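Colleague:
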């Protein structure tokens, strides 16, 4: 078995070097060393030929020469002395390492080095050194990888080198220019799963490589056998779930959908270098697609930010091109539908025309920047798409999270704009991403409450619907800790975003319930479970608000946000058709009732009015449809509401505030010296409405010298009411109309 | 006085004093400067100490809040804090003690695992805050939070006591997210 | 255990106007409170200290916290609100202060609401745009759907028959090509062992057995799989070269019989 033959065959002179203006000269140039390198240095430092530049060019040339010599050594070099004593080998290795870490290696260099590393010419220490420094300048050619894999067949390298090679493949997966040939070797990779040591890394690689066509029944059988042999390992689980998403009919065992992180992060060795490579790639490749439709999140003026974008450039993973000498490919015979290459998708019209034959790019992350593809994803029912997106997001967020960045706190802006893009995508698809949830679990305990604040809180508002008590210790307790020690503006932002979260959950729940129209026993339990979760969320926010108001000394600003939240809560039953009515805690009610601000009072009246509507509708439905829900029909809810209602009407209308059982002790009033407290609080005397009363009196009866508030009664009372309504206190109007029936004025 | 007591003196009028204990002098100094820059209705005083017990010959005002600063990059700072904890009266732990861990961002340099400090904070039923004090913006926001905590502990926020704040901040057990 | 009363905070009213009468009254009030505090302080200083170690900290702290919280709770329940002396100047200045704070808050609320409105407008426009685009997508999908439906031509037997015949022919051609390529490949890379190299050691009867090529082994396996699907096992005969058998088994191309190690079958790649 001599693979050498194959190596020679595929080393065609026609090399696709697209980056002809790369820093290092290519193989052919070695023959014409002087001319080409000279012309290159001139073209590079073309305009000004100062002394400095020529010196710089000389140093460059020296470096390049050293590299060329090193490469030639590795390619054909004389191996006189045994390798572990060879000084020239060390010297050349050093050269290669330096160049690699600084600028990356050209595809041809990688080709040669891969051959050397995997062919077993040197020992495993040297091989691992070589593999660790194989960082591409821009791309890795597919043929080099194929050659390298063929060396694996020859079995010339040891186990640890193989493992390192697979890790390298996973890390550099995005930079391999085409992957059709590699995909054809799928069977070989699959067979390597038998090796226990290699299994996790091969699984990770296969996870990236697998396409729908690769999922075959015999492979599923093999994986299941492996699972029986080795137990449920996370990497096997990952590959099985991917198979299941592609062809669900083949796998009958149930795989719990976990949002786990399946694979250990193999990229650690090359992490920093990868960032540099991505940046280089962005610089060279053409500008990402201008979005003609959709939100304008790419503004041409701000291109600088996008040049370090974390989101990869769009490239299609086109399949079924002709290859080899005989030009046979099965898909030519059977398939008539060639997929539309995704890079050419530039207008909405094109999307519409080709919507049935689009193929998604191999790098799912590229979808985030492209609104057209987001439209496509929205329509496609294939769950594997979302799964791939989550996987990509998981990887990226793990590495790029600012709290884990080793030394680079300056990337704040880039990270912020990346988060913005994710949030926009979530908003468009109306889906919460599980990867973002996992990201929050990891980073919220370490968050300081300031960095990327808006984005972080928006991510919180897009948490997918889950059981609240599960998520509470990870997210909401940390949030509470931050909340109570922060400024009032932070508190308000948090409340706002929790309102958004509630809204999203309610929308998802109501859509779900629409779809499942059958009311059988199983649904009842999940329905009550979901309602419990929402109830707990509302309860949590109530707790936050009450204590926040204490800490902020009843600030009107904060109270405004709190009441906004409850405005959403009060209408759950009617707006979303969910059997849930939750009242606000007394701490908020009494504060709002006795506040000095009329808009708060107005809002409170409106909320009470809506609660009344919801409660009466629920009661009616219960009688009609005989559905009971513990969240509405405990008598406690009705009692509480009635209690509030009484207090409110007493304060505003009947001048009989603070009956027995209220929170106020009459002794207090004696101290204040308000003797007739029992009849002195109503719409006229309420501190929030005092100014209205006075201006009413002044308006109507300007000639009077003294203003006597108690003169507002009888006909004046109605006039006063109309005046209030005309000043914009619509909530008050609704409340009075619905809850107070008055035939005559007290 | 060997042991620090929370109520050993009458409070100064409109004054709130915080004591920062930790081995990282430069960081503590910077944190103190940021805190003093915050505008706050009360008069702030910041005391810095390497370790407890404090020298007894200096007169100092009543201390309202002690924050123990642990640098996750050095085991020595953790030891120092553990030693100092023995010189604090038990009554302090009713909301007037907090732990601050710095350096969590640079994972590779951490010689003390986060969970160690977490367990320490849970053992003493006190809140643990994370912040990388070397970075300007993080430090400023942490200073803001400390000032607010201090105001509550000094009693300058009517209706909320230090113990109250402590129970709000929660003794969430905070299981590690890796188990998910 | 010390029970701490931490709620008695110094009265820090600011903004007291310069009215001597009222001021004196307030100062008197403050002095009284200060005397109360000094009394409490004296009591407190009599209480002993206690330090904790990490091991006993949690339990004792929990107990202490519980006691303190209960004490605080009962204190709150007993407490009645303290009223400031009701001097008109105080009330006016306090009222002014409160209204100024209110005004400041309301200004903040106003700007918040304005920015919320703007955001809502933007959101509305964006959602409207997305909705329109979705409608267009839906329409084009419906059009596509109806087009495809129209393309369902009425079933014509002969047409289907011809289509199938061409397909069959193409596939057969492809199969021939594949088999040819396979045999070439196997010949090149997996030849029979060279019969001319004789071992210098003792001669066993190996040279008398006729070995067949790997291609033929595979043919036997394939044919068996398709001829007798319910028992695709083939007995290993001596004409199979053992290293090649090992090769096939190790790479998962052939499988052993679960009970009988002398029989192998081809892996069912097609199902």
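Chains as they are written, first to last, in this note's numbering: chain G, 1 to 746; chain D, 1001 to 1180; chain H, 2001 to 2271.
For glycine and all other residues, C-beta sits at the position ideal for the given N, C-alpha and C.
Because the structure is a prediction, the values reported are computed rather than measured.
Below 8 Å, can you find three or more Cβ-Cβ pairs linking the region 1152-1160 of chain D to the region 455-472 of chain G?
Modeller: no
Colleague: Using the DSSP secondary-structure output, state which residues sit across from residue 1097(D) in a beta bridge.
Modeller: Secondary-structure assignment with DSSP links residue 1097(D) through a beta bridge to 1066(D).
Colleague: Counting only the same chain and skipping the five closest in sequence on each side, list residues whose C-beta sits under 6 Å from that of residue 2265(H).
Modeller: 2232, 2233, 2255
Colleague: At a CB distance below 8 Å, what residues from the region 1097-1122 of chain D approach chain H? Give them in sequence order.
Modeller: Answer set for the region 1097-1122 of chain D: 1120, 1122.
Colleague: Check residue 547(G) in the structure and name its three-state DSSP category.
Modeller: helix
Colleague: With a threshold of 8 Å between beta carbons, is residue 2117(H) in contact with chain G?
Modeller: no
Colleague: Would you say residue 1147(D) and residue 1048(D) are within 8 Å of each other, going by their C-beta atoms?
Modeller: No, these two residues do not count as a Cβ contact at 8 Å.
Colleague: Once the 5 residues before and after residue 66(G) are set aside, which same chain residues still bring their CB inside 7 Å of it?
Modeller: Apart from the 5 residues on each side of it in sequence, residue 66(G) sits with its Cβ closer than 7 Å to the Cβ of 95 in its chain, given in chain order.
Colleague: Which value, in whole angstroms, describes the spacing of the CA atoms of residue 583(G) and residue 2117(H)?
Modeller: 27 Å
Colleague: Just the chain D side, please: which residues come within less than 7 Å of residue 2037(H) by C-beta, in chain order?
Modeller: 1010
Colleague: Check whether the region 1107-1124 of chain D and the region 1068-1077 of chain D touch, using three or more Cβ-Cβ pairs below 8 Å as the test.
Modeller: Contact between the region 1107-1124 of chain D and the region 1068-1077 of chain D is present: three or more C-beta pairs spanning the two stretches fall below 8 Å.
Colleague: Counting contacts by CB-CB distance shorter than 8 Å, is residue 1037(D) in contact with chain G?
Modeller: no
Colleague: Since residue 1089(D) sits in a beta bridge, which residues does DSSP pair it with?
Modeller: Note: residue 1089(D) is bridge-paired with 2051(H) in the DSSP secondary-structure output.
Colleague: Name the residue from 1161(D), 1141(D), 1163(D) whose alpha carbon lies nearest to the alpha carbon of residue 490(G).
Modeller: Comparing Cα positions, the closest option is 1141(D).
Colleague: Where do the N-terminal and C-terminal ends of the alpha helix (DSSP H) with residue 2270(H) fall, by residue?
Modeller: Counting along the chain, residue 2270(H) falls outside any alpha helix (DSSP H), and DSSP gives it neither H nor E.
Colleague: Under 8 Å, Cβ to Cβ, is there at least one residue of chain G near residue 2226(H)?
Modeller: no
Colleague: Counting only beta-carbon atoms, is residue 2133(H) nearer than 8 Å to chain G?
Modeller: Chain G contact via Cβ: present.
Colleague: Between the C-alpha atoms of residue 1026(D) and residue 442(G), what's the straight-line distance to the nearest angstrom?
Modeller: 29 Å
Colleague: Which two residues bound the contiguous beta strand (DSSP E) that contains residue 1018(D)?
Modeller: 1015-1021
Colleague: Can you find the residues in the same chain that come closer than 6 Å, C-beta to C-beta, to residue 467(G), ignoring five residues on each side of it along the sequence?
Modeller: Once the five neighbours on either side are set aside, the close Cβ partners of residue 467(G) are 533.
Colleague: Chain H beta carbons: is any one of them nearer than 8 Å to that of residue 597(G)?
Modeller: yes
Colleague: State the CB to CB distance for the pair residue 686(G) and residue 605(G), rounded to an integer number of angstroms; the pair is presumed to be in contact (CB under 8 Å).
Modeller: The Cβ separation is near 11 Å, so there is no contact.
Colleague: Under a Cβ-count criterion, where at least 16 other Cβ atoms within 10 Å of its own Cβ denotes burial, should residue 1096(D) be classed as buried or exposed?
Modeller: buried
Colleague: Out of 499(G), 644(G), 580(G), 496(G), state which residue places its alpha-carbon closest to the alpha-carbon of residue 593(G).
Modeller: 644(G)
Colleague: Does the beta carbon of residue 438(G) sit closer than 8 Å to a beta carbon anywhere in chain H?
Modeller: By this cut-off, residue 438(G) is not an interface position.
Colleague: In chain order, what residues of the region 2064-2093 of chain H put their CB closer than 8 Å to some CB of chain D?
Modeller: Taking 8 Å as the Cβ-Cβ cut-off against chain D, the residues of the region 2064-2093 of chain H that qualify are 2064, 2065, 2068, 2069, 2072.
Colleague: Here's a check: name, in chain order, each residue in its chain whose Cβ is nearer than 7 Å to the Cβ of residue 510(G), leaving out the five neighbours to either side.
Modeller: Spatial neighbours of residue 510(G) in its own chain (CB-CB distance under 7 Å, excluding positions within 5 residues in sequence) are listed in chain order as 576, 577, 578.
Colleague: Just checking, does the region 586-603 of chain G make contact with the region 712-721 of chain G on the three C-beta pairs under 8 Å criterion?
Modeller: Contact between the region 586-603 of chain G and the region 712-721 of chain G is not established, with fewer than three Cβ pairs separated by less than 8 Å.
Colleague: Leaving aside the five residues before and after residue 332(G) along the sequence, list all residues of the same chain whose C-beta is less than 6 Å from its C-beta, in chain order.
Modeller: For residue 332(G), the predicted model reports a pLDDT of 42, less than 50, meaning its position is unreliable and no value from the coordinates is stated.
Colleague: Residue 300(G) to residue 1138(D), Cα distance in whole Å?
Modeller: Because residue 300(G) carries a pLDDT of 30, less than 50, the predicted location of this residue cannot be relied on, and no value is offered for it.
Colleague: Three-state secondary structure (DSSP) at residue 450(G)?
Modeller: coil
Colleague: Do you know whose CA, among 1086(D), 1062(D), 1069(D), 1037(D), lies nearest residue 1130(D)'s CA?
Modeller: Here the closest residue by C-alpha is 1069(D).
Colleague: With C-beta atoms as the reference, is residue 496(G) less than 8 Å away from residue 561(G)?
Modeller: yes
Colleague: Give me the chain D residues within the contact set of residue 2062(H), using Cβ-Cβ distance strictly less than 8 Å, ordered along the chain.
Modeller: 1125
Colleague: Starting from the beta carbon of residue 2059(H), find every residue of chain D whose beta carbon is closer than 8 Å, and list them in chain order.
Modeller: Those within 8 Å of residue 2059(H) in chain D number zero; the least Cβ separation is about 10 Å.
Colleague: What three-state label does DSSP hand residue 2235(H) in the structure shown?
Modeller: strand
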